[in-house]
Amino acid sequence: MIEIDNVSKWYGDFNVLKHCTTSVTKGEVVVVCGPSGSGKSTLIKTVNGLEEFQEGDIRVDGTALKDKSTNLPKLRSRVGMVFQHFELFPHLKITENLCLGQMKVLGRDRETAMKKATALLERVGLEAHAHKFPGQLSGGQQQRVAIARALCMDPIVMLFDEPTSALDPEMVNEVLDVMVELAREGMTMMVVTHEMGFARKVANRVIFMDRGEIVEDATKDDFFGKPRSERAQQFLSKILTH
Amino acid sequence: MSYNWNWGILLEQSPEGIGSYLYTLWLGLQWTMLVAAGAWILALAVGSVLGVARSLPGRWFSPLATAYVEIFRNIPLLVQLFLWYFVMPELLPRSWGLWVKQLPNAPLYTAILGIGLYMGSRVGEQLRAGIQALPRGQMMAATAIGLTVPQAFRFVILPQAYRIILPPLTSEFLNTIKNTSVALTIGLLELTARARAMQEYSFQVFEAFTAATVLYLLLNIAVTFAMRLIESRVAVPGLGVLKK
Amino acid sequence: MFSDFDFGVIQRSLPYLIKEGLTFTLTLTALSTIGGVILGTLIAMARLSSYRVLQVAGAGYVNFLRSLPLVLVIFWFYFLMPYILQWVTGASSPVPVGAFASALITFTIFEAAYFSEIMRAGIQSIPRGQPAAAAALGMNYWQSMWYIILPQAFRNMLPVILTQTIILFQDTSLVYVVSLPDFLGAASKVAQRDGRLVEMYIFAAIVYFIISFFASWLVKRLQARIAIIR
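Quick mapping for you: the protein sequence lines, in order, are chains A, B and C. Each residue of the first sequence is one higher than the one before, counting from 1 in this note's numbering. Each residue of the second sequence is one higher than the one before, counting from 1 in this note's numbering. Each residue of the third sequence is one higher than the one before, counting from 1 in this note's numbering.
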């Protein structure tokens, strides 16, 4: 589904991604973790072309991002993305947030779009808030709407960029619950997160990044059971002491 | 375009008999600069009083200053110039009014007065913003070491406030220069008026206005450059500037 | 003090002042605000685009016009427009342009420089995640601008845009220099015809003041309301 092949990226002189290679197959849930500044958020944003990269290539469902003929908007419409800060559109009501992409990008008519939006709002348990503005919802609710907005586009894969790190602690679980359910239904997911409980529960593989490199790329059991690199061991010991 | 360009016109004598057209434009530029400088000095003085007054506690100063700002900001500059030039002499006692009307260079004084008082309201608003942007502790610290309120403004608040509003003040000064052109309506022979006169005498419309445009651009560049120089000269490490 | 004055002149000329003058001024203000905001937004988008040529052209437009006095720009267009029209239409001699059209084009082009600075700040104030989220949904540049960025930028900047409109309203008085029949032009015509300069100019000042003051007050209220919603 996603093939990341020897990708490198620089911000000026700063090398944010160094020769990253990995893949996500259909139905797989891959968690990407690592200390802040390790390049994990940058990596996930390169997958749908929100961040450019200078070397290597990425293929999503067979479409190469570096290929000049690739229609990026079209590719992105098939890749769902959930952001750290939700990024709902504050000037549009919840239903309008959910319908906009369906109507303007996929060309669905209003009725079809509304049906889909209502169904997905129900699924994330927020049908009662359909006619509110994003600013009237709590952080957890907003993030669930954001997940529903991405799902409205019938994505073939979902990308999550630290979806719970901007939330108050008591709201983290309501968002993780939605994500766990999604994973169990067989959605292909790539998730940047520090929530190791989530990783243990549903991940197939865990990728550990540090200083722009993929240091570890292992099955869940291998990663938590016997991490090979010292940096991953240190990271795990820090994050799992609580 | 069926227009006959003739740049040589700039060097021909103007029918006013004072020199070439280019020379009359140069005279106009001098008047522009003179009025702008005079109006700017007045605007800084008025603006300082207004800015301080609007920052003072108490029932009198602040509302009076607010009223001034509202009146001068909500009437077009052109109408204000008409009020000073045509209306004010009629409202004065007869002998004073006569004296005012017979003043030589009345357009010059009226333009400086009118544009200065108008720009003063805008400088005052900028200064108030600058004063408000300072930490409140500055005033307390100044009074705590025994300074009187006027002393605190003079030595502590204003030196800082003026520094942080230098960039917006630069653009207000540029506005003052541009606004001098409005005074052509009361007969001030500044740059735009000279270009207009050249157009009327010579029928070379576009040469006249192009020349004036170039002179305005040069004046702008010169002033911007000079203000940058002043900004860097008076800059104090650690004290930022207020963004417009 | 006012014994020599005849304020009846105002009452007698009121229909003319309002129907001709004030209508001209207010229509010119409204239409050139709309035109200026549209053109200004396009220029702001050019300055914020990733194309160097557009950035430079946009910046050049804004800096050039902001260096010139409006009076000079009014003269420029007043004399230039017939020649441009002649060039566009291929006529054999300069084509005369109506007073209103001439003023409207001048103010739209001039004020666009100022509106573009406002819209540029508005667009830049939108968090970068918003265009990213729009892109992630598959929107292209124009869709993202039209549905996501510009509505928010416009709403955030509405008070500033309206304040600029009040300035524009006052600036329209400068069409006096080419004798167009705006409110001040009409007042001045009556003033000179009847020899009542004092009465007419005081009246004009009061009218401009009331409209500008009231409009500023409305903008302040709007600003307070927007501040609460955020």
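Where is the CB? At the ideal position from N, CA and C, for every residue including glycine. No experiment lies behind these values; they were computed from the predicted model shown.
Residue-chain proximity (residue i, chain C), Cβ-Cβ < 8 Å
{"i": "GLU172 of chain B", "result": "no"}
{"i": "PRO163 of chain A", "result": "no"}
{"i": "LEU100 of chain A", "result": "yes"}
{"i": "VAL105 of chain A", "result": "yes"}
{"i": "PRO107 of chain B", "result": "no"}
{"i": "GLU90 of chain B", "result": "yes"}
{"i": "SER181 of chain B", "result": "yes"}
{"i": "LYS178 of chain B", "result": "yes"}
{"i": "THR217 of chain B", "result": "Reading off the sequence, residue 217 of chain B comes out as Leu, not Thr. Chain C, which has a Cβ nearer than 8 Å to the Cβ of LEU217 of chain B, makes this yes."}
{"i": "ASN6 of chain A", "result": "no"}
{"i": "LEU50 of chain A", "result": "yes"}
{"i": "LYS68 of chain A", "result": "no"}
{"i": "LYS74 of chain A", "result": "yes"}
Continuous alpha helix (DSSP H) stretch holding residue i: start and end
{"i": "PHE208 of chain A", "result": "Careful: PHE208 of chain A lies outside any alpha helix (DSSP H), inside the beta strand (DSSP E) at 205-210."}
{"i": "GLU181 of chain A", "result": "169-184"}
{"i": "GLY56 of chain A", "result": "Here GLY56 of chain A belongs to no alpha helix (DSSP H); instead the beta strand (DSSP E) covers 55-60."}
{"i": "VAL145 of chain A", "result": "139-151"}
Residue from the options with nearest C-alpha to residue i
{"i": "SER212 of chain C", "options": "B:ALA53, B:GLY124 and B:VAL69", "result": "B:VAL69"}
{"i": "VAL95 of chain C", "options": "C:GLN86, C:ALA101, C:PHE64 and C:SER102", "result": "C:GLN86"}
{"i": "ARG231 of chain A", "options": "A:LYS220, A:THR219 and A:ARG211", "result": "A:ARG211"}
{"i": "MET190 of chain A", "options": "A:GLU87, A:TYR11, A:ASN6 and A:VAL60", "result": "A:VAL60"}
{"i": "PHE53 of chain A", "options": "A:PHE14, A:VAL79, A:HIS91 and A:GLY62", "result": "A:PHE14"}
{"i": "PHE77 of chain C", "options": "C:GLN152, C:VAL175 and C:ASN140", "result": "C:VAL175"}
{"i": "GLY19 of chain B", "options": "B:VAL35, B:MET198 and B:MET227", "result": "B:MET198"}
{"i": "TYR61 of chain C", "options": "C:THR41, C:SER50, C:LEU80 and C:VAL71", "result": "C:THR41"}
{"i": "ALA106 of chain B", "options": "B:PRO76, B:ALA53 and B:LEU184", "result": "B:LEU184"}
{"i": "LEU29 of chain B", "options": "B:VAL87, B:LEU229 and B:ALA212", "result": "B:ALA212"}
{"i": "THR21 of chain A", "options": "A:GLY12, A:GLU28 and A:ILE44", "result": "A:ILE44"}
Neighbour flag for residue i against chain A, beta carbons, 8 Å
{"i": "TYR51 of chain C", "result": "no"}
{"i": "MET45 of chain C", "result": "no"}
Chain B within 8 Å of residue i, Cβ atoms only
{"i": "ILE202 of chain C", "result": "yes"}
{"i": "ALA205 of chain C", "result": "yes"}
{"i": "PHE7 of chain C", "result": "no"}
{"i": "SER13 of chain C", "result": "no"}
{"i": "TYR83 of chain C", "result": "yes"}
{"i": "LEU31 of chain C", "result": "no"}
{"i": "TYR208 of chain C", "result": "yes"}
{"i": "LEU17 of chain C", "result": "no"}
{"i": "PHE77 of chain C", "result": "no"}
Opening and closing residue of the beta strand (DSSP E) in which residue i lies
{"i": "GLU254 of chain A", "result": "As displayed, chain A neither begins before 1 nor continues past 242, which places residue 254 of chain A out of reach and without an answer."}
{"i": "VAL18 of chain A", "result": "Residue identity differs from the one stated: residue 18 of chain A is Lys in this sequence, not Val. That run of the beta strand (DSSP E) goes 14-24."}
{"i": "GLY80 of chain A", "result": "79-82"}
{"i": "ILE247 of chain B", "result": "Within the shown structure, residues of chain B are numbered from 1 to 244, placing residue 247 of chain B beyond reach of any answer."}
{"i": "LEU159 of chain A", "result": "157-161"}
{"i": "MET190 of chain A", "result": "189-192"}
{"i": "GLU231 of chain B", "result": "Per DSSP, GLU231 of chain B belongs to no beta strand (DSSP E); it is in the alpha helix (DSSP H), 205-234."}
{"i": "GLU216 of chain A", "result": "213-219"}
Euclidean distance between Cα positions of residue i and residue j
{"i": "GLY34 of chain A", "j": "ALA135 of chain C", "result": "26 Å"}
{"i": "LEU50 of chain A", "j": "GLN55 of chain C", "result": "22 Å"}
{"i": "LEU44 of chain B", "j": "HIS85 of chain A", "result": "46 Å"}
{"i": "SER188 of chain C", "j": "GLN132 of chain B", "result": "42 Å"}
{"i": "ASN97 of chain A", "j": "LEU88 of chain A", "result": "7 Å"}
{"i": "GLU216 of chain A", "j": "VAL7 of chain A", "result": "16 Å"}
{"i": "ASP221 of chain A", "j": "ARG128 of chain C", "result": "37 Å"}
{"i": "PRO150 of chain B", "j": "ILE157 of chain B", "result": "10 Å"}
{"i": "ALA117 of chain A", "j": "VAL172 of chain A", "result": "23 Å"}
{"i": "LYS244 of chain B", "j": "ARG66 of chain C", "result": "The pLDDT assigned to LYS244 of chain B is 43, lower than 50, so where the model puts this residue is not dependable; a value taken from the coordinates is nonetheless given after this. Each residue's alpha carbon lies about 15 Å from the other."}
{"i": "TRP40 of chain B", "j": "PHE153 of chain B", "result": "21 Å"}
{"i": "VAL124 of chain A", "j": "GLU181 of chain A", "result": "10 Å"}
{"i": "PHE224 of chain A", "j": "ASN204 of chain A", "result": "12 Å"}
{"i": "ILE206 of chain C", "j": "ASN4 of chain B", "result": "46 Å"}
{"i": "ILE38 of chain C", "j": "THR193 of chain A", "result": "43 Å"}
{"i": "THR109 of chain C", "j": "GLY36 of chain C", "result": "The sequence shown places Ile at residue 109 of chain C, not Thr. Each residue's alpha carbon lies about 7 Å from the other."}
{"i": "MET227 of chain B", "j": "TYR23 of chain B", "result": "27 Å"}
Residue-chain proximity (residue i, chain E), Cβ-Cβ < 8 Å
{"i": "THR185 of chain B", "result": "The chain inventory of the structure shown lacks chain E, comprising the protein chains A, B and C."}
Closer than 7 Å, Cβ to any Cβ of chain C: which residues of the region 77-96 of chain A, in chain order?
-> The residues in question are SER77, MET81, PHE83, HIS85, GLU87, PHE89, PRO90 and HIS91.
Could you run through the region 114-135 of chain C and flag, in chain order, every residue whose CB is less than 7 Å away from some CB of chain B?
-> Per Cβ criterion, the list is empty.
Using a Cβ-Cβ cut-off of less than 7 Å, give me the residues of the region 133-158 of chain C that come near chain A, in sequence order.
-> So the close ones are ALA133, ALA135, ALA136, LEU137, GLY138, MET139, ASN140, GLN143, TYR147, ILE148, PRO151, GLN152 and ARG155.
Looking at chain B, which residues of the region 175-188 of chain C have a Cβ within less than 7 Å of any of its Cβ atoms?
-> Along the region 175-188 of chain C, going in chain order, the ones with a CB nearer than 7 Å to a CB of chain B are TYR176, VAL177 and LEU184.
Taking Cβ-Cβ distances below 8 Å as the criterion, which residues of the region 193-215 of chain B are in contact with chain C?
-> Within the region 193-215 of chain B, the qualifying residues are ALA195, ARG196, GLN199, VAL205, PHE206, PHE209, ALA212 and THR213.
Quick one, which residues of the region 132-162 of chain A are near chain C if we go by CB-CB under 7 Å, in chain order?
-> When CB distances to chain C are screened at a threshold of 7 Å, the residues of the region 132-162 of chain A falling below it are MET153, in chain order.
Anything in the region 64-93 of chain B with a Cβ closer than 8 Å to a Cβ of chain C? List those residues in chain order, please.
-> Residues of the region 64-93 of chain B with a C-beta atom less than 8 Å from some C-beta of chain C are GLU70, ILE71, ARG73, ASN74, ILE75, PRO76, LEU77, LEU78, VAL79, GLN80, PHE82, LEU83, PHE86, VAL87, GLU90 and LEU91, listed in chain order.
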